Ligand SMILES: [Zn+2]
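Structure follows, in structure tokens:
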């Protein structure tokens, strides 16, 4: 599994946990859900705090060498919506760990 660095928190992660944003042929930014678009792009966790840091219009335009500041609000919404299933927190529906056996431990006097 390839590893990329998140443009928001700067931590490396496997591509399964990141969303790729690519520069389309017309200079707009698109979510590259299949990670197949050629050219420049960035990877970001589909988390609000990472997206906010990564998708700031002017630094982003400079980093990706696009002439005008992109519409990052719409892009951020698409990144968050494109969260890969593996990035979902393992909470809802997950089997809970077995509780410790009652009466097996406890303070020994
Ligand atoms: Zn991140």
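Residue numbers (the working numbering): 33 to 141. Note that the Cβ used here is the ideal one computed from N, Cα and C, for glycine as well. Fair warning: this is a prediction, and the values are worked out from it, not measured in the lab.
{"Item": "Contact the segment 51-58 vs the segment 73-82: 3+ CB pairs below 8 Å", "Value": "yes"}
{"Item": "Three-state class that DSSP yields for residue 54 in the structure shown", "Value": "strand"}
{"Item": "Residues whose Cβ lies closer than 5 Å to any heavy atom of ligand 1, in chain order", "Value": "38, 40, 41, 77, 82"}
{"Item": "Cβ distance (whole Å) where residue 112 is taken to contact residue 83 below 8 Å", "Value": "6 Å"}
{"Item": "Residue of 58, 59, 67 minimising C-alpha distance to residue 36", "Value": "67"}
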